[in-house]
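Reminder that position 99 of the sequence shown reads as 261 in our numbering, one-by-one numbering, no gaps.
Each residue gets a CB set at the ideal place from its N, CA and C atoms; glycine is no exception.
Working notes, beginning with the structure itself.
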Amino acid sequence: NLLEQSTVDPYYLSQPIISALRHHPDFSQILELTGSGKLEIGIAYGDVAEQLSAIPLLLQVMGLGPINSLEIERMLTLLRRAMIVETVAGKTDDKGLPFSAALALQCFANEYVFRETDEEKTAVEHLQQQIAALVEKGRDVPRSCVATLGAYRPLYSFPWAQELCEREWASDIMEVVKLQISEPQNEQSLRSSIPSPTSIRDTVSQSVREQYEENPYPRWIKTGMGSNGRSIGAVLRGAPLRFDLGDYDSPESPKILVAGCGTGRHVLATASRFSNAHVLAVDLSLSSLSYALRKTKELEISNIEYAQWDIMKLGSLGRQFDLIECGGVLHHLGDPLAGWRVLVDLLQPGGLMKIGLYSEIARQVIIRGRSLIAEKGYTTSPKDIRRCRQDIIAMAEDGNQEMTKLCNNKDFFSLSGCRDLLFHVQEHRFTLLQIGAALQAFKLKFLGFELQDRRALKNFTKSHPSKSALTSLNLWHEFELENPDTFQGMFQFWCKKN
Numbered sequence: 163n164l165l166e167q168s169t170v171d172p173y174y175l176s177q178p179i180i181s182a183l184r185h186h187p188d189f190s191q192i193l194e195l196t197g198s199g200k201l202e203i204g205i206a207y208g209d210v211a212e213q214l215s216a217i218p219l220l221l222q223v224m225g226l227g228p229i230n231s232l233e234i235e236r237m238l239t240l241l242r243r244a245m246i247v248e249t250v251a252g253k254t255d256d257k258g259l260p261f262s263a264a265l266a267l268q269c270f271a272n273e274y275v276f277r278e279t280d281e282e283k284t285a286v287e288h289l290q291q292q293i294a295a296l297v298e299k300g301r302d303v304p305r306s307c308v309a310t311l312g313a314y315r316p317l318y319s320f321p322w323a324q325e326l327c328e329r330e331w332a333s334d335i336m337e338v339v340k341l342q343i344s345e346p347q348n349e350q351s352l353r354s355s356i357p358s359p360t361s362i363r364d365t366v367s368q369s370v371r372e373q374y375e376e377n378p379y380p381r382w383i384k385t386g387m388g389s390n391g392r393s394i395g396a397v398l399r400g401a402p403l404r405f406d407l408g409d410y411d412s413p414e415s416p417k418i419l420v421a422g423c424g425t426g427r428h429v430l431a432t433a434s435r436f437s438n439a440h441v442l443a444v445d446l447s448l449s450s451l452s453y454a455l456r457k458t459k460e461l462e463i464s465n466i467e468y469a470q471w472d473i474m475k476l477g478s479l480g481r482q483f484d485l486i487e488c489g490g491v492l493h494h495l496g497d498p499l500a501g502w503r504v505l506v507d508l509l510q511p512g513g514l515m516k517i518g519l520y521s522e523i524a525r526q527v528i529i530r531g532r533s534l535i536a537e538k539g540y541t542t543s544p545k546d547i548r549r550c551r552q553d554i555i556a557m558a559e560d561g562n563q564e565m566t567k568l569c570n571n572k573d574f575f576s577l578s579g580c581r582d583l584l585f586h587v588q589e590h591r592f593t594l595l596q597i598g599a600a601l602q603a604f605k606l607k608f609l610g611f612e613l614q615d616r617r618a619l620k621n622f623t624k625s626h627p628s629k630s631a632l633t634s635l636n637l638w639h640e641f642e643l644e645n646p647d648t649f650q651g652m653f654q655f656w657c658k659k660n
């Protein structure tokens, strides 16, 4: 099973799996019925959940992270509503329990981004009071009740959560209890072990930190890890990058800084990508760092050191690095170029840097989404983020192409992702000409892009076959003007300090 292999990131397999599941007769029938509205009234949740429980691949993919499909979101939203109606009505048998548990895992992974009606909210209050009363009396809590509540609220948020950890459960529910109670408790206990060498006083940094304390991003269950680390030179000179590094000589034990490591997904990939590396991973948010540290310990990775730092204060670190990676962070600073300058000063002469920055051209759709939020006065509360999503979905269904593009963005399918995508407190965007000027000012040599979509590279080289064209930011700028979706995620590029 590919999903169980340590080198495979499930994010890249989820769409092919969903496409394959559409050919499963039971799944496709239920998907069609929920999409057409024919299952809206009087849906027999237990029967449907039992059918879906017999599809192991569906259950597996639901437990590995947010599913990026509006069609499946509609199906799961409707089934969740039917589930709580049956549960509060006293139908607490275990019919379809594997699917109910997987739904709790999926909703926790997407941070409860699905639409929720007032009736559901009332039912959730009733259900949590019911469970609290059973726990207080020392009585058994039906497994279906645990799964149902876990599909609406994180179980760790209730005062009786620890009681559930101390009870015996079937494996389906044990997985829910582990993910929603044990692991968050573990993260909480790890916070005090993370060094915070400097205070964070910059007002923009404080605002950004608050955002990621509330919504650590990205929330992930499993990531792809390299099985055989290679030297930095071998990685960059080899396929698919094939960069010209000149006389660059790889350090035997590279010192790597990941500035803005978030919840650790990227830093773990970096730590396993390069052989004999020692990695310092820093971030503003203790919530993100404790998530990263928990995952690192679980995976028994020992070459990463975590610390809470503001990038603007890293100059006091007193260390030099062979490689610095900073993806998706500089554009959230008050002064991105000042932050970049701090990192350049920490880089050894001849050292390498991987930078990720938002594209002014590619993010026009995001700008339109942010304008909609400003017009409607949405706040960053979970309720408002959910309402905003429903507005965007409705506009997309009415044929608005820009909103359709937003709905196709992977970050649209989780609460923290949606907040990062559309509600961020600070965002700067760049053109490739601006990046070229910055590289010149910092005396950095542009080596090339690390592109997720290889089609862009293929199309570019069709128009510009010479090897030197690959490092011409002027030519890439012209290409982006003609192909504005090329750098939809962000520019991710490598450079070398002269």
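Just so you know, the alpha carbons of Met-387 and Phe-436 end up roughly 11 Å apart. The three-state reading of DSSP puts Gly-501 in helix, counting H, G and I together. Only residues of its own chain outside the window of five on either side were considered, and among them Leu-183, His-186, Asp-188, Phe-189 have a CB closer than 8 Å to the CB of Ile-217, listed in chain order. By the Cβ test, the stretch 279-298 is not in contact with the stretch 339-356, since fewer than three Cβ pairs between them sit closer than 8 Å.
By the CB criterion at 8 Å, Phe-320 and Gln-290 fall inside the cutoff.
The DSSP assignment places 466-470, 483-489 as complete runs of the beta strand (DSSP E) inside the stretch 443-490, in order along the chain (cut-off: 3 residues). DSSP, reduced to helix, strand and coil, places Ser-389 outside both helices and strands of the structure shown, so it counts as coil. Counting other Cβ atoms within 10 Å of its Cβ, Asp-582 reaches 16 or more and is therefore classed as buried. Counting only the Cα atoms, Leu-584 lies some 23 Å from Leu-448. Here Ile-547 is not near Leu-514, since their CB atoms are 8 Å or more apart. Annotation: Ala-556 to Arg-277 spans about 12 Å, alpha carbon to alpha carbon.
By a beta-carbon distance limit of 8 Å, Ser-262 contacts Thr-310. Their separation comes to about 7 Å. Burial of Ser-176 is indicated by the presence of at least 16 other C-beta atoms within 10 angstroms of its C-beta. Taking C-beta atoms as the reference points, Val-370 and Val-587 count as a pair closer than 8 Å. Close CB contacts of Asp-171 within its chain, under the 6 Å cut and outside five residues either way in sequence, are with Thr-385, Gly-386 (chain order). Taking the Cα positions, Tyr-379 is about 7 Å away from Ser-450.
The beta-bridge partner set that DSSP reports for Leu-514 consists of Leu-485, Lys-658.
Straight across, the Cα-Cα distance linking Ala-264 with Val-429 is about 28 Å. If you draw a straight line from the Cα of Pro-316 to the Cα of Pro-627, it comes to about 53 Å. Uninterrupted alpha helix (DSSP H) stretches at least 4 residues long and entirely within the stretch 564-596 occur at 577-584, given in chain order.
Across the structure, Arg-404 and Leu-499 are spaced so that their CA atoms are roughly 28 Å apart.
Within the stretch 241-312, the complete alpha helix (DSSP H) segments at least 4 residues long are 259-271, 280-298, 305-312, listed from N- to C-terminus. A distance below 7 Å between beta-carbons, with the five flanking residues on each side excluded, links Glu-349 to the following residues of its chain, in chain order: Ser-452, Tyr-453, Arg-456.
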